[in-house]
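Undergrad: Take a look at the following structure, please.
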Amino acid sequence: MKTNIIGKNIDMTPALEEAVNSSIKKLNKYFNETTEMQVTLSVEKQRHIVEITIPFSGQVLRAEVEGSNMYKIIDEAVDIIEKQIVRFKNKLRTKQRNADLAHFTPSFMEEDDHLEEVIQINRRKKFAIKPMDAEEAVMQMELIGHNFYVFLDAQTEEVNVVYKRKNNTYGLIEPELY
Numbered sequence: 242m243k244t245n246i247i248g249k250n251i252d253m254t255p256a257l258e259e260a261v262n263s264s265i266k267k268l269n270k271y272f273n274e275t276t277e278m279q280v281t282l283s284v285e286k287q288r289h290i291v292e293i294t295i296p297f298s299g300q301v302l303r304a305e306v307e308g309s310n311m312y313k314i315i316d317e318a319v320d321i322i323e324k325q326i327v328r329f330k331n332k333l334r335t336k337q338r339n340a341d342l343a344h345f346t347p348s349f350m351e352e353d354d355h356l357e358e359v360i361q362i363n364r365r366k367k368f369a370i371k372p373m374d375a376e377e378a379v380m381q382m383e384l385i386g387h388n389f390y391v392f393l394d395a396q397t398e399e400v401n402v403v404y405k406r407k408n409n410t411y412g413l414i415e416p417e418l419y
């Protein structure tokens, strides 16, 4: 697995890099050599923050942990990622079992609704989006009382998403095709 370690407002000491590398070793069994992981270590005032992001099978595994001890929160972030991986693998197994079971189901049971899919979309929504900037999108999000808001960026003419973060700040998602 390829690992990119980034430090923001922090000196990346060899000890910190070794702490990251030793913690993420247990994740190697889940990924191949081409999988890329980004680990960002940052310090904001007295808070230490570790973010781990792994694009994987069309999904993004992500963990963000804050605390006062950088070494401790590195381990916590890796544990969160490992739990996400296990959950993802279990969902895939369940989906595969359901697909296999449906394949061998007698024809008189084919219309039976007992077999549920793992992912079920309960509501679909279409809406017109008007061009605006991120600040206006945040105001719209706050007006309607949601945690996220999808909008068309007036400058780039691309669909973006603003969202409310845990620490009462805001985030902006700018999707890119890969």
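Quick note: to get my numbering, add 241 to the position in the sequence shown (first position is 1). Idealized CB from N, CA, C, for every residue including glycine. The model shown is predicted, which means the values in this text are computed figures rather than measured ones.
With DSSP as the reference, please indicate the residues paired to V301 in a beta bridge.
TA: Answer is P296, bridged to V301.
Undergrad: Can you give me the Cβ contacts of Y271 inside the same chain, cut-off strictly under 7 Å, excluding the 5 residues immediately before and after it?
TA: The residues are I326.
Undergrad: If the criterion is Cβ atoms closer than 8 Å, does the pair V391 and V379 meet it?
TA: Not in contact: V391 and V379 (Cβ atoms no closer than 8 Å).
Undergrad: Going straight from the alpha carbon of P386 to that of I360, what length do you get?
TA: The question names Pro, yet the displayed sequence has Gly at residue 386. Roughly 26 Å separates the two Cα atoms.
Undergrad: Round the Cβ separation of Q304 and I290 to the nearest angstrom and send it over; I've been treating them as touching at under 8 Å.
TA: Reading off the sequence, residue 304 comes out as Ala, not Gln. Actually they do not touch by this definition, with Cβ atoms about 11 Å apart.
Undergrad: For I370, is the classification buried or exposed, using 16 other Cβ atoms within 10 angstroms of its Cβ as the cut-off for buried?
TA: The residue in question, I370, is exposed, as its Cβ has fewer than 16 Cβ neighbours within 10 Å.
Undergrad: Assuming G248 and L282 make a contact with CB atoms under 8 Å, what is their CB distance in whole Å?
TA: The Cβ separation is near 5 Å, so the contact holds.
Undergrad: Taking the C-alpha atoms as reference points, what is the distance between Y404 and N388?
TA: If you take the alpha carbons of Y404 and N388, they lie about 6 Å apart.
Undergrad: For a test of the three-state rule: what should DSSP assign to R288, helix, strand or coil?
TA: The answer is strand: DSSP assigns R288 an E or B state.
Undergrad: When DSSP labels each residue in this structure, what does I326 get in the three-state scheme?
TA: Note: I326 maps to helix in three-state DSSP.
Undergrad: Whole angstroms are fine: how far does the CA of E277 sit from the CA of P416?
TA: Rounded to whole angstroms, P416 to E277 spans 18 Å at the Cα level.
Undergrad: When DSSP builds the beta bridges, which residues end up paired with F368?
TA: Answer by DSSP bridge pairing: none, since F368 is not bridged.
Undergrad: Mapping the DSSP letters down to three states, classify D354 as helix, strand or coil.
TA: With a pLDDT of only 46 at D354, under 50, the local geometry of the prediction cannot be trusted, and no value is derived from it.
Undergrad: So what does DSSP say about I414, is it helix, strand or coil?
TA: In this structure, I414 counts as strand in the three-state DSSP scheme.
Undergrad: Please return the same chain residues whose Cβ sits closer than 6 Å to the Cβ of A260, not counting the five positions on each side in sequence.
TA: The residues are Y312 and I315.
Undergrad: For N401, list the residues DSSP reports as bridge partners.
TA: Per DSSP, F392.
Undergrad: Report the option in E274, V306, N262 and N269 whose CA atom is closest to the CA atom of N408.
TA: Of the listed residues, the one whose Cα sits closest to N408 is V306.
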